[in-house]
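Quick note: the sequence shown uses our numbering, first residue 253, plus one each step.
For glycine and all other residues, C-beta sits at the position ideal for the given N, C-alpha and C.
Right, one structure below, let's go through it.
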Amino acid sequence: MNQTISDKVRWTTSDLELLQTDEWKRYEIIDGELFVTRAPHWKHQRTAGNIHLELEIWSRSSKLGEPITTPGIIFTDADNVIPDVVWISHERLAQLLDDEGHLRGAPELIVEVLSPGTTNERRDREAKLKLYSSTGVQEYWIANWQLQQLEIYRREAAQLKLIATLLADDEITSPLLPGFGVRVQHFFG
Numbered sequence: 253m254n255q256t257i258s259d260k261v262r263w264t265t266s267d268l269e270l271l272q273t274d275e276w277k278r279y280e281i282i283d284g285e286l287f288v289t290r291a292p293h294w295k296h297q298r299t300a301g302n303i304h305l306e307l308e309i310w311s312r313s314s315k316l317g318e319p320i321t322t323p324g325i326i327f328t329d330a331d332n333v334i335p336d337v338v339w340i341s342h343e344r345l346a347q348l349l350d351d352e353g354h355l356r357g358a359p360e361l362i363v364e365v366l367s368p369g370t371t372n373e374r375r376d377r378e379a380k381l382k383l384y385s386s387t388g389v390q391e392y393w394i395a396n397w398q399l400q401q402l403e404i405y406r407r408e409a410a411q412l413k414l415i416a417t418l419l420a421d422d423e424i425t426s427p428l429l430p431g432f433g434v435r436v437q438h439f440f441g
């Protein structure tokens, strides 16, 4: 029997509360589809930590906002994700942080570090790109620790568009982060 779209199970944020959670797994919902991933590779986590560190150093001196690793973001009841790193201005943080400590909308910058595997790459490059684009994220970075490269997507009109793929010797700058500049290799060291 073929399953039609209307027969497909649509997960919601409240469904996650019913699952027996496992500290070694990450549960995300994108457009009602449940994604369960294992704890990432050491180098994945190290890359996310290094990106956070560079954003933290810049944020402390600029005082414009703050980065955080693995925050919960609840866009809607059917779109609930845990990106690797986000940067959010103080103004947006004050507007979007709920009483449980989750963001209820788009931060300015989201960073995902790719995990190996076709399913993981499609989730970050397709499903999350669409979600972040439709929810107003201004900039989206996809870091590939295996290839030591960084894809930069920026909002053009109503969509996030790939504007550059940076290699280890390149410098990342951003109009969102005035004065921020780091060689990409520092993210993967």
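Residue i (DSSP reduced to helix, strand or coil)
i	result
Arg-356	coil
Thr-417	strand
Gly-317	strand
Leu-429	coil
Trp-339	strand
Ala-300	helix
Ala-410	coil
Asp-376	helix
Ala-346	helix
8 Å Cβ cutoff met for residue i and residue j
i	j	result
Asp-331	Asp-376	no
Ala-420	Gln-400	yes
Glu-423	Ile-334	no
Gly-357	Phe-327	yes
Tyr-317	Ile-303	First, the amino acid is wrong: residue 317 is Gly here, not Tyr. Going by C-beta atoms, Gly-317 is not nearer than 8 Å to Ile-303.
Phe-439	Glu-306	yes
Lys-277	Val-261	no
Ser-311	Pro-323	no
Beta-carbon proximity list for residue i, same chain, < 7 Å, skipping 5 on both sides
i	result
Asn-254	Because the pLDDT of Asn-254 is 42, which lies under 50, any placement of that residue in the model is unreliable, and the number read from its coordinates should be weighed accordingly. Answer for Asn-254: no residue qualifies.
Lys-362	Looking at the sequence shown, residue 362 is not Lys but Ile. The answer, listed in chain order, is Pro-335, Val-338, Tyr-384, Val-389 and Tyr-392.
For residue j and residue i, the rounded distance between their alpha carbons
i	j	result
Thr-256	Gln-437	Only weak support is given to the placement of Thr-256: the predicted model assigns it a pLDDT of 42, under 50, and the question is left unresolved by the model.
Ala-395	Gln-297	11 Å
Glu-285	Asn-372	14 Å
Cβ shell of residue i (< 8 Å), same chain only, five flanking positions each side left out
i	result
Thr-425	Phe-432 and Gly-433
Leu-414	Glu-403, Ile-404 and Tyr-405
Close-in-space but distant-in-sequence residues of the same chain around residue i (CB under 6 Å, 5 per side omitted)
i	result
Arg-435	Glu-423
Ala-379	Ile-282
Thr-387	Phe-327 and Ala-358
For residue j and residue i, believed in contact at Cβ under 8 Å, the rounded distance
i	j	result
Leu-348	Leu-355	5 Å
Leu-412	Leu-381	6 Å
Asp-350	Thr-264	Not a contact, Cβ separation roughly 16 Å.
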